[in-house]
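**Q** Sharing a structure below in structure tokens format, with a few things to ask.
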């Protein structure tokens with residue numbers, strides 16, 4: 001029996017099609033896995049089912065009846081529960097209150113019925129008895145729990161909805177093996193009771209262990225649905241990658257070989273910190289080293305930590321042959337390290353200020369300037385902006401008057417007046433248009449040719465394959481594989497990202 | 001056309017227009033209100049407020065809910081310190097200036113440290129500091145007025161110095177030029193705007209955010225101290241809580257001048273116009289026999305009105 005059926009669902013944000021065509025059928029009593037790379041449209045699909053995004057087109061059927069989901073409340077009323085990947089817990093409330101938060105039992109329609117609440121919450125809390133770890137109890141404050149315990153509360157909350165169809169979006173990312181095992185037992189029990197489960201995970205072993213069928217999404221389109229026991233990991237990955245996945249990165253766009261005799265620009269030895277552990281690598285002068293892997297596997301945390309904006313537990317960093325452990329970005333900048341974030345709204349743009357003031361901060365610091373003379377600064381700022389074909393009417397217009405791509409060019413231009421030795425790029429092309437991307441990579445290659453050591457983390461595989469000499473694939477905070485030369489294929493990249501750990 | 005309307009919408013243009021309007025209104029209510037001598041007298045009072053507002057201005061520009069509620073207390077404390085150090089003798093002026101600046105910088109430093117290191121919100125930190133200062137004033141003076149202004153200081157504040165304009169107005173003009181230069185042409189000024197606009201981005205671009213914030217509160221304390229010193233010269237002797245009113249009025253002057261309470265937007269020229277405007281308003285209220293408590297109510301209401309007026313733009317952006 002079909003629990004949920006989506007046909008021809010689509011969603012566009014402005015000119016970008018987030019979901020071109022989504023077809024999905026979830027049966028009662030099955031765990032249905034959704035697989036797709038970053039930005040393939042799977043989270044848009046989930047949001048449509050959960051009611052937080054309204055589709056532009058398509059039909060949704062629940063229990064073979066057409067329905068319209070108008071919002072999250074309506075989705076819940078139709079019997080859809082969701083586990084949120086971004087934690088949605090109230091930190092100052094207890095575990096039991098959080099578990100029952102969606103539907104607090106009430107007395108006289110006004111007061112919370114504590115006895116019923118305790119009893120109801122206890123049902124879900126005991127499910128994880130023995131694996132929930134030290135300090136976990138019904139009346140513990142959620143804010144005092146470890147990340148894995150908070151994730152358990154989130155799971156309990158989703159289970160407490162008792163919805164006939166539950167979406168689990170990466171529910172196991174923080175859990176240990178015993179907790180995952182217990183969670184899967186619970187899922188199997190739900191299956192026996194005829195519930196439908198949509199399961200998103202990037203761990204191939206988990207998918208094989210719990211999934212019945214898998215639907216693969218690529219470029220906003222659901223490609224196919226397969227029975228998991230009739231297929232293997234290679235096939236699934238090949239489908240996610242698409243046709244040309246086995247071809248090595250095209251030679252025309254591959255960077256020139258690096259002359260290693262110039263020595264290393266950046267050396268990282270056994271570096272551990274929050275979000276990453278025992279990472280070691282070396283970037284030669286003139287090299288572009290790629291960081292690959294799924295989102296949030298420690299790439300950003302590592303780059304920020306090198307730049308002095310994160311925490312480092314142990315290990316060492318060298319720039320050139322000098323020990324480098326920046327206490328702050330200020331310190332890092334002074335010593336020749338540059339960092340460009342993809343989240344320019346938070347980390348880059350000084351909103352409301354003129355373009356020129358968005359370019360000059362690094363120059364001020366490195367040249368120890370006190371006085372800002374516009375005429376002198378203009379001579380330095382204008383060439384930096386022009387080297388990337390930045391379009392602007394006047395240097396004194398606010399940066400907000402520019403498009404996203406041009407804003408990012410301005411942010412990058414600030415590093416070009418006084419050249420750094422090492423450039424860290426943290427998904428720098430997020431949300432910018434294609435021509436801006438092309439300009440940006442042309443510049444990055446030029447900078448490498450000039451002898452900078454460059455680390456490029458990108459969530460877009462094509463950018464990595466087309467620009468990086470070597471690619472380190474991250475998984476769970478450490479490097480799981482290094483791809484060089486002809487190994488640099490989309491297939492290998494996916495395989496390393498999904499299969500390992 | 002749109003250029004004309006956007007010019008007319010600029011806070012400083014609005015403030016200047018209101019200044020002319022209020023002067024005209026004052027002249028109607030009491031002939032001679034807009035005479036040269038009277039305007040000079042208003043400008044002296046406005047410079048006292050304007051100097052306090054300069055410090056308030058940089059703190060607010062620095063963002064993160066930056067505000068300095070302790071300025072009133074620092075003004076009073078500075079007037080008392082100055083009065084006792086110089087005690088009516090010109091020879092004591094330089095030591096008095098030094099003592100006042102040190103005191104202002106010290107309390108600013110305490111504010112800055114509390115806000116950056118202990119992460120106390122500026123509103124709470126400076127309000128607490130105001131309470132401490134008020135208590136301190138009572139302890140120091142034990143209720144007895146003490147200290148006399150040096151004759152030279154009084155002359156500087158009240159008598160014509162150059163081109164028949166008193167020295168304090170020249171001082172204010174100099175501060176205005178200095179502030180404009182600092183905000184527009186120095187790295188320090190650009191960094192104030194940077195931390196006020198996007199603190200995290202400024203941090204990632206190497207701006208020493210904490211040091212900057214401490215410096216801003218120290219500047220605010222020092223400007224308040226200078227104003228306290230001049231206030232002593234204006235009134236001759238230091239008396240109970242002379243500076244009290246400056247907390248509220250300095251904030252109004254800054255907001256009047258078009259500086260956003262959210263930080264990162266505005267400048268000092270507008271604040272100068274705002275300070276003058278407030279003083280004229282105060283003069284008119286006095287002319288029509290509204291007492292101090294009534295004036296405070298009008299000022300409070302003015303601030304709330306301004307927030308409604310200027311707050312709209314921000315709400316639309318969010």
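Chains as they are written, first to last, in the UniProt record's numbering: chain V, 1 to 501; chain R, 1 to 318.
Glycine included, C-beta positions come from ideal geometry on N, C-alpha and C.
None of the values given here were measured: they were computed from a predicted structure.
Can you tell me whether residue 479 of chain V is buried or exposed? The criterion is at least 16 other CB atoms within 10 Å of its CB, across all chains shown.
**A** Counted from its first residue, the first chain places residue 479 of chain V at position 479. Looking at its Cβ environment, which holds 16 or more other Cβ atoms inside 10 Å, residue 479 of chain V is buried.
**Q** Would you tell me roughly how many angstroms separate the C-alpha atoms of residue 314 of chain R and residue 265 of chain R, rounded to the nearest one?
**A** On the second chain, residue 314 of chain R is found 314 positions in, with the first residue counted as 1. On the second chain, residue 265 of chain R is found 265 positions in, with the first residue counted as 1. Note that residue 314 of chain R scores a pLDDT of 44, beneath 50, so its modelled location is shaky; the value from the coordinates is reported in the next line. Rounded to whole angstroms, residue 314 of chain R to residue 265 of chain R spans 11 Å at the Cα level.
**Q** Using the three-state DSSP reduction, which class does residue 107 of chain V fall into: helix, strand or coil?
**A** On the first chain, residue 107 of chain V is found 107 positions in, with the first residue counted as 1. In this structure, residue 107 of chain V counts as strand in the three-state DSSP scheme.
**Q** Using a Cβ cut-off of 9 Å, which residues of the segment 337–350 of chain V contact any Cβ in chain R, in chain order?
**A** If the cut-off is 9 Å between Cβ atoms, the segment 337–350 of chain V has 339, 341, 344, 345, 346, 347, 348, 349 and 350 near chain R.
**Q** Can you tell me whether DSSP reads residue 26 of chain R as helix, strand or coil?
**A** Here residue 26 of chain R refers to the residue found at position 26 of the second chain. In the structure shown, residue 26 of chain R sits in a helix (DSSP, three-state: H, G or I).
**Q** Could you please tell me which residues of the segment 183–209 of chain R, in chain order, have their CB closer than 7 Å to any CB of chain V?
**A** Listed by position along the chain: 185, 186, 187, 190, 193, 194, 197, 198, 200, 201, 202, 203, 204, 205, 206, 207 and 208.
**Q** At a Cβ cut of 8 Å, what residues of the segment 254–265 of chain R count as close to chain V, listed as they run along the chain?
**A** For the segment 254–265 of chain R, which is checked against every Cβ of chain V, the residues closer than 8 Å are 264 and 265.
**Q** Please report the straight-line C-alpha distance between residue 119 of chain R and residue 209 of chain R, rounded to a whole angstrom.
**A** Looking up residue 119 of chain R in the second chain gives position 119. Looking up residue 209 of chain R in the second chain gives position 209. Rounded to whole angstroms, residue 119 of chain R to residue 209 of chain R spans 13 Å at the Cα level.
**Q** What are the residues of the segment 311–333 of chain V that lie near chain R, defined by any Cβ-Cβ distance shorter than 9 Å?
**A** Against chain R - using a Cβ distance shorter than 9 Å - the residues of the segment 311–333 of chain V are 328, 329, 330, 331, 332 and 333.
**Q** Please determine if the segment 277–297 of chain R and the segment 16–25 of chain R are in contact, where contact requires at least 3 C-beta pairs separated by less than 8 Å.
**A** Contact holds: three or more Cβ-Cβ distances are below 8 Å.
**Q** Have a look at residue 169 of chain R and residue 269 of chain R and give me their C-alpha separation to the nearest angstrom.
**A** Within the second chain, numbered from 1, the residue matching residue 169 of chain R stands at position 169. Within the second chain, numbered from 1, the residue matching residue 269 of chain R stands at position 269. C-alpha separation (whole angstroms): 15 Å.
**Q** Hey, residue 83 of chain V and residue 154 of chain V: beta-carbon distance below 8 Å or not?
**A** As a working mapping, residue 83 of chain V is identified with position 83 in the first chain. As a working mapping, residue 154 of chain V is identified with position 154 in the first chain. A contact, by the Cβ cut-off of 8 Å.
**Q** If you drop the 5 nearest sequence neighbours on each side, which residues of the same chain put their C-beta closer than 6 Å to that of residue 250 of chain V?
**A** Your numbering for residue 250 of chain V matches position 250 in the first chain. Low confidence applies here, because residue 250 of chain V scores a pLDDT of 46, under 50, leaving its location unreliable; read the following figure in that light. There are no such residues.
**Q** Give the interface partners of residue 364 of chain V over in chain R, defined as CB-CB distance under 7 Å, in chain order.
**A** If you number the first chain from 1, residue 364 of chain V lands on position 364. Chain R residues near residue 364 of chain V: 187.
**Q** State the CB to CB distance for the pair residue 288 of chain V and residue 140 of chain V, rounded to an integer number of angstroms; the pair is presumed to be in contact (CB under 8 Å).
**A** Taking the first residue of the first chain as position 1, residue 288 of chain V is located at position 288. Taking the first residue of the first chain as position 1, residue 140 of chain V is located at position 140. The pair is not a contact, with the Cβ atoms about 47 Å apart (cut-off 8 Å).
**Q** List, in chain order, every chain R residue whose beta-carbon is nearer than 7 Å to that of residue 309 of chain V.
**A** For the purposes of this step, residue 309 of chain V is taken as residue 309 along the first chain, with counting starting at 1. By Cβ distance, chain R contributes 204.
**Q** Against chain R, with Cβ distances strictly below 8 Å, would residue 377 of chain V count as a contact?
**A** Residue numbering aside, residue 377 of chain V sits at position 377 when the first chain is read from its first letter. Not an interface residue.
**Q** Nearest to residue 217 of chain V by CA position, among V/264, V/23, V/352 and V/13, is which residue?
**A** For the purposes of this step, residue 217 of chain V is taken as the residue at position 217 of the first chain. If we check each option's Cα against that of residue 217 of chain V, V/23 comes out closest.
**Q** Within 10 angstroms of the Cβ of residue 229 of chain V, are there 16 or more other Cβ atoms? Answer buried if so, exposed if not.
**A** Locating residue 229 of chain V in the first chain gives position 229, counting from the first residue. It is exposed - the Cβ of residue 229 of chain V has fewer than 16 other Cβ atoms within 10 Å.
**Q** So with CB distances below 9 Å, who are the chain R contacts of residue 436 of chain V?
**A** Locating residue 436 of chain V in the first chain gives position 436, where the first residue counts as 1. Per Cβ cutoff of 9 Å: no residues; residue 436 of chain V is ~19 Å from chain R at best.
**Q** Measuring only between beta-carbons, confirm whether residue 357 of chain V sits less than 8 Å from chain R.
**A** Here residue 357 of chain V is taken as the residue at index 357 of the first chain, counted from 1. Yes, residue 357 of chain V counts as interfacial toward chain R.
**Q** Between the C-alpha atoms of residue 22 of chain R and residue 47 of chain R, what's the straight-line distance to the nearest angstrom?
**A** For this step, residue 22 of chain R is matched to residue 22 along the second chain. For this step, residue 47 of chain R is matched to residue 47 along the second chain. The alpha-carbon atoms of residue 22 of chain R and residue 47 of chain R are separated by roughly 18 Å.
**Q** Chain R beta carbons: is any one of them nearer than 8 Å to that of residue 352 of chain V?
**A** Here residue 352 of chain V refers to the residue found at position 352 when the first chain is read from its first residue. Closer than 8 Å to some Cβ of chain R, the Cβ of residue 352 of chain V qualifies, so yes.
**Q** So what does DSSP say about residue 84 of chain V, is it helix, strand or coil?
**A** On the first chain, residue 84 of chain V is found 84 positions in, with the first residue counted as 1. Looking at residue 84 of chain V - three-state DSSP - the assignment turns out to be coil, as it is neither helix nor strand.
**Q** Does residue 217 of chain V have its Cβ less than 8 Å from a Cβ in chain R?
**A** By one-based count along the first chain, residue 217 of chain V stands at place 217. Not one chain R Cβ lies under 8 Å of residue 217 of chain V.
**Q** Give a yes or no on whether 8 Å exceeds the smallest Cβ distance from residue 306 of chain V to chain R.
**A** Stepping through the first chain from its first residue, residue 306 of chain V is reached at position 306. False, the Cβ-Cβ gap to chain R never drops below 8 Å.
**Q** Near residue 287 of chain R, which residues of its chain fall below 7 Å by C-beta distance, leaving aside the five closest residues on each side in sequence?
**A** Reading the second chain from its first residue, position 287 is the one you call residue 287 of chain R. The residues are 26, 29, 30 and 33.
**Q** Enumerate in chain order the residues of its own chain whose CB-to-CB distance from residue 397 of chain V is below 7 Å, with the five nearest sequence positions on each side excluded.
**A** Start at 1 with the first residue of the first chain, and residue 397 of chain V comes out as number 397. Counting only Cβ-Cβ distances below 7 Å, and skipping sequence neighbours, we find 354 and 355.
**Q** Which value, in whole angstroms, describes the spacing of the CA atoms of residue 12 of chain R and residue 197 of chain R?
**A** Taking the first residue of the second chain as position 1, residue 12 of chain R is located at position 12. Taking the first residue of the second chain as position 1, residue 197 of chain R is located at position 197. Going by the C-alpha atoms only, they are around 21 Å apart.
**Q** Quick check: the segment 155–174 of chain R against the segment 96–107 of chain R, are there 3 or more CB pairs under 8 Å?
**A** No, the segment 155–174 of chain R does not touch the segment 96–107 of chain R.
**Q** For residue 482 of chain V and residue 433 of chain V, I'd like the C-alpha separation in whole angstroms.
**A** Within the first chain, residue 482 of chain V is the residue found at index 482, counting from 1. Within the first chain, residue 433 of chain V is the residue found at index 433, counting from 1. Whole-angstrom Cα-Cα distance: 29 Å.
**Q** Any C-beta of chain R sitting closer than 8 Å to the C-beta of residue 414 of chain V?
**A** Counting from one through the first chain, the residue named residue 414 of chain V turns up at place 414. Cβ-Cβ to chain R under 8 Å: yes for residue 414 of chain V.
**Q** Note down the Cα distance separating residue 243 of chain R from residue 405 of chain V, rounded to an integer number of angstroms.
**A** Along the second chain, one-based indexing puts residue 243 of chain R at 243. Along the first chain, one-based indexing puts residue 405 of chain V at 405. Near 51 Å, if we compare the C-alpha coordinates of residue 405 of chain V and residue 243 of chain R.
**Q** My understanding is that residue 89 of chain V touches residue 150 of chain V, with C-beta atoms under 8 Å, so please give their C-beta distance in whole angstroms.
**A** Start at 1 with the first residue of the first chain, and residue 89 of chain V comes out as number 89. Start at 1 with the first residue of the first chain, and residue 150 of chain V comes out as number 150. Confirmed, Cβ separation roughly 6 Å.
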